[in-house]
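To start, the structure under review is shown below, and the notes come after it.
In full-length UniProt numbering, the protein residues as written are 1 to 69.
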């Protein structure tokens, strides 16, 4: 199975956020998992999609908690 690897610009476009936001998340150890290929920052598409699913689930749980009040 071939892994799809994305660079920061591709991930920023995929998520709809500026590249600077990704840089900020990396600095704060937030956001999707990344790794380095030499000096380049890279993201595995399957890990990125898993992170997005986690974010959706967390948002749904938070919305559910607020609506129960």
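Ideal Cβ positions, reconstructed from N, Cα and C, are used throughout, including at glycine.
Given the structure is predicted, the values throughout are model-derived calculations rather than measurements.
Look at the alpha carbon of residue 32 and the alpha carbon of residue 65, and state the distance between them as a whole number of angstroms.
Indexing the chain shown from 1 puts residue 32 at position 32. Indexing the chain shown from 1 puts residue 65 at position 65. So the alpha carbons of these two residues sit roughly 24 Å apart.
Do you know offhand how far residue 40's Cα is from residue 7's?
Position 40 of the chain shown, counted from the first residue, corresponds to residue 40. Position 7 of the chain shown, counted from the first residue, corresponds to residue 7. Straight-line spacing of the CA atoms in residue 40 and residue 7 works out to 8 Å.
Under 8 Å between the Cβ atoms of residue 5 and residue 44?
For this step, residue 5 is matched to residue 5 along the chain shown. For this step, residue 44 is matched to residue 44 along the chain shown. Cβ atoms of residue 5 and residue 44: closer than 8 Å.
According to the Cβ coordinates, are residue 48 and residue 11 closer than 8 Å?
Counting from one through the chain shown, the residue named residue 48 turns up at place 48. Counting from one through the chain shown, the residue named residue 11 turns up at place 11. Going by C-beta atoms, residue 48 is nearer than 8 Å to residue 11.
Straight-line CA distance for residue 30 to residue 59?
If you number the chain shown from 1, residue 30 lands on position 30. If you number the chain shown from 1, residue 59 lands on position 59. Taking the straight line from one Cα to the other gives about 16 Å.
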